[in-house]
Amino acid sequence: MKVAVEVPASSANLGVGFDALAMALELTLRVDVEALPGDLSELQVVGEGTGRLGLNDANRFVAGLRRGLQELGAADEQSAWRIEMFNDIPVGRGLGSSAAAVIGGLLCAEGLAQRELGRERLLALAVEIDGHPDNVAAALLGGFVIVTAGAESGTWQVLRLDTPAELRAVVFIPERELPTSRMRAALPDSVPRSDAVHNVGRAALLVAAIARGELELLSAMCQDRLHEPYRAAIYPEFPALERAALEAGALGAALSGAGSTVIALCRAAEAGLVAAAMESAAGRLGLRGLARDLAPRGAGGRLV
846 MKVAVEVPAS SANLGVGFDA LAMALELTLR VDVEALPGDL SELQVVGEGT
896 GRLGLNDANR FVAGLRRGLQ ELGAADEQSA WRIEMFNDIP VGRGLGSSAA
946 AVIGGLLCAE GLAQRELGRE RLLALAVEID GHPDNVAAAL LGGFVIVTAG
996 AESGTWQVLR LDTPAELRAV VFIPERELPT SRMRAALPDS VPRSDAVHNV
1046 GRAALLVAAI ARGELELLSA MCQDRLHEPY RAAIYPEFPA LERAALEAGA
1096 LGAALSGAGS TVIALCRAAE AGLVAAAMES AAGRLGLRGL ARDLAPRGAG
1146 GRLV
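Going from the sequence shown to my numbering is simple: count from 1 and add 845.
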């Protein structure tokens, strides 16, 4: 028995959409899983994460695979696997690598068990394992997603939108990792009401920009008051990278997730200029990294 899965990277928050908005990106994790006789599993990782992922639940793909098989009542049917991971998604850079791995593991469990969890249950399990509903929803569904907690505990409401055809996402990916736990710890327990009201309006404009294809409204994404000002204290290069992207023609820019990647949304004609400007600004700041021009990805995780 052998299955393979492909899952996209994702950028969450998109500035003002803290913990509620995300977009899938054209970077992928592909995993091939084959059942083996006996009880000794094998793991090979090619690309990002090589040498740092093991056959344990710290590897979120393994955690998703085990949890999915358990949920489907197939955990005892097979105990050894050959897992080959081909990963283009940088680890620890705010591009949803762990969410993609969890979704990949759960989808492979469905393929191996030849049964489905159903979208709602799969999403709930993925959030339980990964903790980031925005990233896992984008990894599962592709496109642009709006995520909020459902009326019942452990459930999630998700709305998916297609992204405008002319939209590009330029990401500057530093060599520096920024653990999400550290970036979360930088946030205050409460914010002024005026800041909350400010973000509600800007987040609504950002959704409207995607839904109506009015890309000029994407400027709202770089007006966050809930998390980016506090995270900039830990990541002081971020404001300069954001400013460089906007001056080069980006429509909006923000931290990708908790960082360290910075994402700039633009039209295709400006993508090269935006990428060059971000790399130049990073060079002046002594921040090593690489800019990439990516398309938003419409397809979510899928068995291949």
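From the three backbone atoms N, C-alpha and C, an ideal C-beta is built for every residue, glycine too. Since the model is a prediction, treat every value here as computed from it, not as a measurement.
In the DSSP output, what is residue i paired with across the bridge?
i, result
"S942", "Looking at the DSSP assignment, S942 forms no beta bridge with any residue, so it has no partner."
"R911", "Looking at the DSSP assignment, R911 forms no beta bridge with any residue, so it has no partner."
"F931", "R875 and V891"
"T993", "Q1002"
"F1017", "V1107 and A1136"
"E851", "R875 and R1147"
"L1032", "DSSP lists no partner for L1032."
"R1112", "L1012"
"M868", "S856 and F989"
"A1049", "Its beta-bridge partners do not exist; DSSP assigns none."
Helix or strand or just coil, what does DSSP make of residue i?
i, result
"R1070", "coil"
"F906", "helix"
"S856", "strand"
"R897", "coil"
"N1147", "According to the sequence provided, residue 1147 is Arg. The question's Asn does not apply to it. DSSP places R1147 in strand when its eight states are reduced to three."
"M1123", "helix"
"R960", "coil"
"A1077", "coil"
"A1090", "helix"
"A925", "coil"
"A880", "strand"
"G862", "coil"
"E955", "helix"
"L917", "coil"
"L885", "coil"
"G949", "helix"
"D1007", "coil"
"G937", "coil"
"P1084", "helix"
Among the candidates the options, whose CA atom is the shortest distance from the CA of residue i?
i, options, result
"M846", "L881, V876 and L870", "L881"
"D884", "W926, V852 and N858", "W926"
"I974", "V992, L986, G999 and I991", "G999"
"F1017", "A1116, P935, E1124 and G976", "E1124"
"L1130", "A1048, E1082, A1090 and I1108", "E1082"
"E997", "V852, E965 and A1114", "E965"
"E879", "G892, A969, L910 and G1058", "L910"
"V992", "T1008, P1009, V972 and E1011", "V972"
"L898", "E922, E929 and D921", "E929"
"R1137", "A1122, R1076, G1145 and R1147", "A1122"
"S855", "G939, S886 and A865", "G939"
"L1023", "A1113, S1105, S1064 and A1030", "S1105"
"G892", "L1148, A1116 and I934", "I934"
"H1072", "A865, G1134, L951 and P978", "A865"
"A1094", "G1102, V1119, A1103 and R1070", "Checking the sequence, you will find Gly at residue 1094 rather than Ala. Comparing Cα-Cα distances from G1094 to each of G1102, V1119, A1103 and R1070, the minimum goes to V1119."
"G1058", "P853, L1096 and P1019", "L1096"
"R960", "G1145, L970, G913 and D979", "G913"
"A1099", "A1030, A1014 and P978", "A1014"
"A1056", "G1145, F989, S1064 and V852", "F989"
Where do the N-terminal and C-terminal ends of the alpha helix (DSSP H) with residue i fall, by residue?
i, result
"L970", "R964 to D975"
"E1061", "Where E1061 is concerned, there is no enclosing alpha helix (DSSP H), given that its DSSP letter is neither H nor E."
"E1022", "Looking at the DSSP string, E1022 is not in any alpha helix (DSSP H), and its letter there is neither H nor E."
"R1142", "Neither: R1142 is in no alpha helix (DSSP H) and is coded neither H nor E."
"A982", "P978 to L986"
So residue i is in the beta strand (DSSP E); what residue range does that whole segment cover?
i, result
"L1100", "G1097 to L1100"
Next item on the list: Kindly confirm or deny that the region 909 to 924 and the region 948 to 959 touch, where touching means at least three C-beta pairs closer than 8 angstroms.
Entry: The region 909 to 924 makes contact with the region 948 to 959; the number of CB pairs closer than 8 angstroms reaches 3 or more.
Notebook entry, point to check: With contact counted as at least three CB pairs below 8 angstroms, one residue from each stretch, are the region 866 to 881 and the region 1135 to 1146 in contact?
Noted result: The region 866 to 881, when compared against the region 1135 to 1146, does touch it at the 8 angstroms Cβ threshold.
Check: Can we say the region 939 to 954 touches the region 974 to 990, given the rule of at least three CB pairs closer than 8 angstroms?
Finding: Yes, since at least three Cβ pairs between the region 939 to 954 and the region 974 to 990 fall closer than 8 angstroms, the two stretches touch.
Notebook entry, point to check: Counting Cβ pairs, one atom from each stretch, are 3 or more of them under 8 angstroms apart for the region 1104 to 1113 and the region 1083 to 1095?
Noted result: Yes, they touch.
Checklist line | Meets three-Cβ-pair contact criterion under 8 angstroms: the region 902 to 910 and the region 859 to 867 | finding: Taking 8 angstroms as the limit for Cβ pairs, the verdict is that the region 859 to 867 does not touch the region 902 to 910.
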